[in-house]
Amino acid sequence: VGDAEKVRESLDKLKRSLQVYNDNLTNLADIPLEPEEALAILIRDFGYMGKPLNEQPKIVQTCLMLFLGELDDELKDKKGINLGSSTLAAYRTAYGLLQSVTAYRTHMVGTGSATTHITSMLNGDSAKVVNKSYRSLLKLSRSLETSTTINVQNVRII
């Protein structure tokens with residue numbers, strides 16, 4: 221197999237992977253989430269079961285606020301960032317929750333250099349957090365194919 225063939229195979233693999241990723245994001249946009257459900261998912265992935273919201277880690281509290289669109293104006297005014305949480309695809313959907321976690325890690329955490337920030341997004345702590353959320357929400361989307369409920373037992377928004 222020549223170099224051109226290897227490149228073509230690699231590009232085809234990449235194209236298939238990107239299509240699967242795009243399909244997964246589309247599926248997440250079709251899953252509605254109530255605030256209590258989003259909070260339950262955030263607590264399961266990043267917080268402490270049984271503790272009220274005000275005692276949860278900052279990632280849980282801030283991502284819930286991002287999910288609810290409570291920080292849109294502040295981020296737009298202070299940083300010029302439009303998160304798009306009010307778009308139809310993101311508004312109170314699993315996709316919107318993923319975007320909230322991504323926005324938190326991308327725009328609200330870290331003070332290092334631009335290189336450090338990009339490395340973290342691609343292969344560091346930010347990537348790990350976002351990928352954890354992505355995998356968790358994919359698992360949810362697959363489980364919803366057989367069930368129509370999300371367990372929100374013992375979760376309260378205070």
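Sequential numbering from 221 applies to the sequence shown in this note's numbering. Cβ atoms here follow ideal geometry from the backbone N, Cα and C, with glycine treated the same way.
query                                                                                                                        : result
Where residue 228 falls, given that 16 or more other Cβ within 10 Å makes a residue buried                                   : exposed
The alpha helix (DSSP H) enclosing residue 255, as first and last residue numbers                                            : 255 to 266
Meets three-Cβ-pair contact criterion under 8 Å: the region 282 to 300 and the region 317 to 326                             : yes
Whole-angstrom C-beta distance between residue 261 and residue 358, which should lie under 8 Å                               : With a Cβ gap of about 12 Å, residue 358 and residue 261 do not count as contacting.
Length of the line joining the Cα atoms of residue 312 and residue 226                                                       : 42 Å
Alpha-carbon to alpha-carbon, residue 222 and residue 289                                                                    : 51 Å
Separation of residue 240 from residue 295, as counted between CA atoms                                                      : 31 Å
Counted within 10 angstroms of its Cβ, other Cβ atoms place residue 325 as buried (16 or more) or exposed                    : buried
Opening and closing residue of the alpha helix (DSSP H) in which residue 247 lies                                            : 223 to 249
Classification of residue 224 by the beta-carbon crowding that lies within 10 angstroms, buried from 16 upward               : exposed
Residues of its chain near residue 266, where Cβ-Cβ distance is below 7 Å and the 5 sequence neighbours each way are ignored : 277, 279, 280
CA-to-CA distance, residue 346 to residue 322, given in whole angstroms                                                      : 8 Å
CA-to-CA distance, residue 349 to residue 329, given in whole angstroms                                                      : 12 Å
Beta-carbon gap between residue 364 and residue 263 smaller than 8 Å                                                         : no
Through-space distance from residue 234 to residue 243, alpha-carbon basis                                                   : 14 Å
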